[in-house]
Structure formats: structure tokens, C-alpha cells
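Chains A and B, in that order, give the protein sequences. The working numbering puts the first sequence at residues 1 to 260. The working numbering puts the second sequence at residues 261 to 460. The beta carbon of each residue, even a glycine, is placed where N, CA and C say it ideally should be. Report on the structure given below.
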Amino acid sequence: MLAKRIIPCLDIKNGQTVKGINFEGLREVGDPVEMGAKYAAEGADELVYLDISASFEGRKTFTELVTKISERIDIPFTVGGGISTYEDGARLLDAGADKISINTAAVNNPGLITELAEKYGSQFVVVAIDARLHDGTQPSGETDGIWHITTHGGKHSTEKELFSWAREAQERGAGEILFTSMNHDGMKSGYPCETFAKLDEFLQIPIIASGGAGNVDHIADVLTKGKADAALAASIFHFGEIRIPDLKEELVNRGITVRI
Amino acid sequence: MIAIVDYDTGNLRSVENALKKLGQDYVVTSDPEIIRSADHVLLPGVGEASSAMDNLRSRGLDKVIPTLTQPVLGICIGIQVLCQCSEEGNATCLGVFDSKVRKFQPEEEKIKIPEMGWNTIESLDSPLFKGIKEGDFVYYVHSFAPSLPQSGDTRVIAKTTYGSQTFAAALNRGNFYGTQFHPEKSGPVGSRILKNFLEI
Numbered sequence: 001m002l003a004k005r006i007i008p009c010l011d012i013k014n015g016q017t018v019k020g021i022n023f024e025g026l027r028e029v030g031d032p033v034e035m036g037a038k039y040a041a042e043g044a045d046e047l048v049y050l051d052i053s054a055s056f057e058g059r060k061t062f063t064e065l066v067t068k069i070s071e072r073i074d075i076p077f078t079v080g081g082g083i084s085t086y087e088d089g090a091r092l093l094d095a096g097a098d099k100i101s102i103n104t105a106a107v108n109n110p111g112l113i114t115e116l117a118e119k120y121g122s123q124f125v126v127v128a129i130d131a132r133l134h135d136g137t138q139p140s141g142e143t144d145g146i147w148h149i150t151t152h153g154g155k156h157s158t159e160k161e162l163f164s165w166a167r168e169a170q171e172r173g174a175g176e177i178l179f180t181s182m183n184h185d186g187m188k189s190g191y192p193c194e195t196f197a198k199l200d201e202f203l204q205i206p207i208i209a210s211g212g213a214g215n216v217d218h219i220a221d222v223l224t225k226g227k228a229d230a231a232l233a234a235s236i237f238h239f240g241e242i243r244i245p246d247l248k249e250e251l252v253n254r255g256i257t258v259r260i
Numbered sequence: 261m262i263a264i265v266d267y268d269t270g271n272l273r274s275v276e277n278a279l280k281k282l283g284q285d286y287v288v289t290s291d292p293e294i295i296r297s298a299d300h301v302l303l304p305g306v307g308e309a310s311s312a313m314d315n316l317r318s319r320g321l322d323k324v325i326p327t328l329t330q331p332v333l334g335i336c337i338g339i340q341v342l343c344q345c346s347e348e349g350n351a352t353c354l355g356v357f358d359s360k361v362r363k364f365q366p367e368e369e370k371i372k373i374p375e376m377g378w379n380t381i382e383s384l385d386s387p388l389f390k391g392i393k394e395g396d397f398v399y400y401v402h403s404f405a406p407s408l409p410q411s412g413d414t415r416v417i418a419k420t421t422y423g424s425q426t427f428a429a430a431l432n433r434g435n436f437y438g439t440q441f442h443p444e445k446s447g448p449v450g451s452r453i454l455k456n457f458l459e460i
């Protein structure tokens, strides 16, 4: 039986792992290759590395880092952050990445998904979606119930809506959807499981749940009620709040299939 | 020496890295002479079956590979091109394995297509799986899979079930081996399988 996947996410700035709260207030937490190797040894099913460097130098450092990661890690890993062209994707593939995650660039230029998927296969292309549920600034004070797609790490709001955009990404050849609720990210209060379950009904491709895990229950919930195929988290792993072997044991105890 | 066959099917880097970790020398090549003289041949790749077959033909490798006599291991698209045919792009394949590559069918209890992630291997029956336990997990990324052969001398040496569909996770016929999963991405289990292959 196919296992649900547990995926630690490492945000990288200028070659170091950092983790922020709501994409701000960064803290350095360690060497990316060593952390990745440690997570892999502990039973992580995949790794995600996101480059949050804004500079050209930072990008270059990141590409070199991807080569080092691929030489060391023997489980699949995805890289993302700052991929805006087909050439960026090709460069990271050559450096040894198994998958790339595209976000803002895909929203601005959906053809990029098609281009990358046609050349390298759907399995190479993860479309990351950051969305925010309208938070009650309607004149009525109610939410409009629409998940608005945001870009640039949640800073910009767009007219695109979660479900139609996720479907479009799938039809253009995305191999997976990595969905982060900007309402929940960094809050450690759990994932929006109903939205994940609805997204699962809507799509044929696997869904990775991101942003919001604070404890084992949250992860168990998004994998069962939320029907997500994988759960991605950062700080709970980086700060040792939950160890991956303990998490997996807990998930097994709850009848969830994971790789032990 | 190990030959990794280069036929323009995606990223070979992970296979190279896996061999490096095992301390093995290898050459990435599409040269028939080098391939024929290698001790072991790896046929890796991700991609689409009919274009993978086109790539083999344009390099003349469709004639070379089936005649090889040293141990050959096809991985992912590599096992598929060793089968008779594939539903993907209606490809006629090399016909080494008596198996047809079929697309996963949608099921009542929804399964995601592609199958992406870690699944178990069962009914292990080959030196390829020395030291590997029934139910160990390996990494898959695929929408198509080799069917279980009905007869002939192609042996199913591992099975996997996705949803309710059981397929050949690994096949063997003579010196030819194939895995639908990616040993090069399957952690210590995959590394052991590659090591086992190199000891055949």
C-alpha cells in the first residue's frame, strides 16, 4: 500500500537553513546538507529545499548546494524558490534536483508549467500554491469564502482562485500540488482539512499539505480527514518539537500507512 | 566497469550519485561498443515510453540491448522499454520481458495517478533482493506499470499493489533485470538492491 509521506522543508538563505514565522523574522537553524542527511536517516520520505535568497549570489550558492545535496541524499528532493524561467528549472535539474517547485512564476506565466512538464515530465514539476482565505474585510464583515492565490511569499494577492488554479496547473502537466494556507502557515494551529479534502476531490494528482503543523494530531488529521498524500512541515522538525521516528510511530498507531 | 546507458531520458544524475556512494566506477554512454564491453549495464530514465523507444532506435541501441549477455538492469522507463509493448504512446518495445506495460485504471476508492511515493515490494524471489525484507518500501513515480506475465520464461521477482492493481515491481529473464521503482532514490533499501545487482 502506498504510504503517506512526511516531508521536512528547509528554507535556505545564502547557503544556510532558516525558518521564519509567516515568512518573516528569520532564524538560522543549521547546515542544509547535514540537516537533510539527518532527516533522511530518521525516516523522512522526501525533502524540500526552498531558496529564499533574493540575490544573484545567493542563487548561485543555492545551485552549488543542490549538487552537494544530490551527492549526499538518497531519497527524492524538491527544490524551489526563485525559479522564474525554463532555464532555472534546467539548471537545477542538472545540479541534481529530482523535482522543482514553482510558485509565483507559474502564476505569472502558466505556460512555464507546460514547458517544464513537456521537456522533463510531470514528475519533475511541483506547483506550489499559496492562498489566503479572505479574512473578513468584506463590507459585511464576512469572509467571501474564496481562497485567493497569493504570490511573492504571500505579499501579493491575485485574482486567481485556489480550485480553478490547481485544476489548471494539473491540466498543464503539474505532477503534484503543494498547497499552503497563508492563514495557517506558521501558526501551528493545524491545516484547513476541509479545504484539503475538497481539493483532493477536485484533482487527480497528489497533494502535499503545507503550513500549519503544530503537533502530531494536525498531521494525522490532514492525512486522513484532509486526504492529503503528504504532509510538509518545517519548524516542528527543525526545533526538535517532533522527531520523525516518533511522528511515524504515532501515525502507525492511528492506522495510517507510513514507511517505517 | 559499469555502463549507464544515455538515451536522453531525463536525469541520470541520481543513478550516478548512487553508484558513487557505492564506490563504483561508471561511464555514461550511448556507444554500443562501450555498452557491449561493460561488466554491468544500467538502463535508467524517466519519461515517456514511445519517445524513449525512439531515442533508443535513433542511437541503434534497440538492436544492441536485447543481445547483451552481461547483467542488465532497467529502471523505471528502463524496465518498460524492456517489455513487449506499452500503452503509453502505443509503443512497441524491445520484447525482452514477456509483459505489457499498462496504464493504472481509475478505481472506485480513488487512487492518484501518477503513483508517487513509497510502496511495498512483496513475493521477493531473486538474488537482487538479498537482505531485503518482504514489505520493505521503495520509491515509485509512474502512471504505467508492467503487467504480470501470463507464461513464458519471464519471472516476476517482486510485486507491488497500488489501490487494487498488482503489477510487476521487478522482472527477470536470464541476464536481464528490471525494476519499476527507483532503487537510486529508495534510501538504504535501494542502495542494497543496486549493490546486489552489481554482485550478480
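Burial check for residue 445 of chain B: the Cβ neighbour count within 10 Å reaches 16 or more, so the residue is buried. Proximity of residue 315 of chain B to chain A, defined by a Cβ-Cβ separation below 8 Å, is not satisfied.
Taking the Cα of residue 436 of chain B as reference, the smallest distance to any Cα among B:271, B:282 and B:299 is reached at B:299. The beta carbons of residue 173 of chain A and residue 118 of chain A sit closer together than 8 Å. DSSP places residue 370 of chain B in the coil class of the three-state scheme, outside both helix and strand.
In this structure, residue 30 of chain A keeps its C-beta atom at 8 Å or more from the C-beta atom of residue 65 of chain A. At least one CB of chain B lies nearer than 8 Å to the CB of residue 121 of chain A. Judged by DSSP in its simplified three-state form, residue 97 of chain A adopts coil rather than helix or strand. Look at the stretch 325-357 of chain B and you find these whole runs of alpha helix (DSSP H), each 4 residues long or longer: 337-342. Taking CB atoms only, residue 397 of chain B has a neighbour in chain A less than 8 Å away. Against residue 70 of chain A, the close residues of chain B are 273, 274 and 277, in the order they occur along the chain (beta-carbon pairs closer than 8 Å). Cβ-Cβ distances below 6 Å link residue 379 of chain B to 400 and 420 in the same chain, with the five nearest sequence neighbours on each side left out; the list follows chain order.
In the three-state reduction of the DSSP assignment, residue 48 of chain A falls in the strand class. Inter-residue distance for residue 59 of chain A and residue 51 of chain A is about 7 Å (C-alpha atoms, whole angstroms). Within the same chain, Cβ atoms closer than 6 Å to the Cβ of residue 221 of chain A are found at 193, the five residues on either side in sequence being excluded. Proximity of the stretch 105-115 of chain A to the stretch 280-299 of chain B falls short of the contact definition, fewer than three beta-carbon pairs being nearer than 8 Å. Taken through DSSP and simplified to helix, strand or coil, residue 167 of chain A comes out as helix. Taking 9 Å as the Cβ-Cβ cut-off, the stretch 175-203 of chain A approaches chain B at 175, 176, 200, 201 and 203, given in chain order. For residue 93 of chain A, a Cβ of chain B is located within less than 8 Å of the residue's own Cβ.
Scanning chain A for C-beta atoms nearer than 9 Å to the C-beta of residue 281 of chain B yields 71, 72 and 74, reported in chain order. Taking C-beta separations shorter than 6 Å and ignoring five residues to either side along the sequence, the partners of residue 219 of chain A in its chain run 213 and 231, following chain order. Following the DSSP letters along the chain, one finds residue 376 of chain B inside the beta strand (DSSP E) bounded by residues 375-380. Among the CB atoms of chain B, one or more fall inside 8 Å of the CB of residue 259 of chain A. Inter-segment contact for the stretch 339-353 of chain B and the stretch 382-396 of chain B is absent: fewer than three beta-carbon pairs are separated by less than 8 Å. Using beta-carbon distances, residue 372 of chain B counts as an interface residue toward chain A, with a partner under 8 Å.
In the structure shown, the three-state DSSP call for residue 154 of chain A is coil.
For residue 176 of chain A, DSSP records a beta bridge to A:126. Between residue 351 of chain B and the set B:308, B:441 and B:411, the nearest pair of CA atoms involves B:308. Cα atoms of residue 150 of chain A and residue 156 of chain A: separation of roughly 5 Å, rounded to the nearest angstrom. Looking at the DSSP output, residue 210 of chain A sits in a beta bridge with A:180 and A:232. Within chain A, the residues whose beta carbon sits less than 8 Å from that of residue 375 of chain B are 2, listed in sequence order. For residue 42 of chain A, DSSP records no beta bridge to any residue. Among the residues of chain A, those whose CB is under 7 Å from the CB of residue 401 of chain B are 123, following chain order. Taking 8 Å as the cut-off between beta carbons, the residues of the stretch 413-432 of chain B near chain A are 421 and 422, in sequence order.
Residue-level contact check: residue 346 of chain B does not touch chain A, since none of the beta carbons of chain A fall below 8 Å from its beta carbon. Residues of the same chain with a CB within less than 6 Å of the CB of residue 162 of chain A, apart from the 5 flanking positions on each side, are 131 and 147 in chain order.
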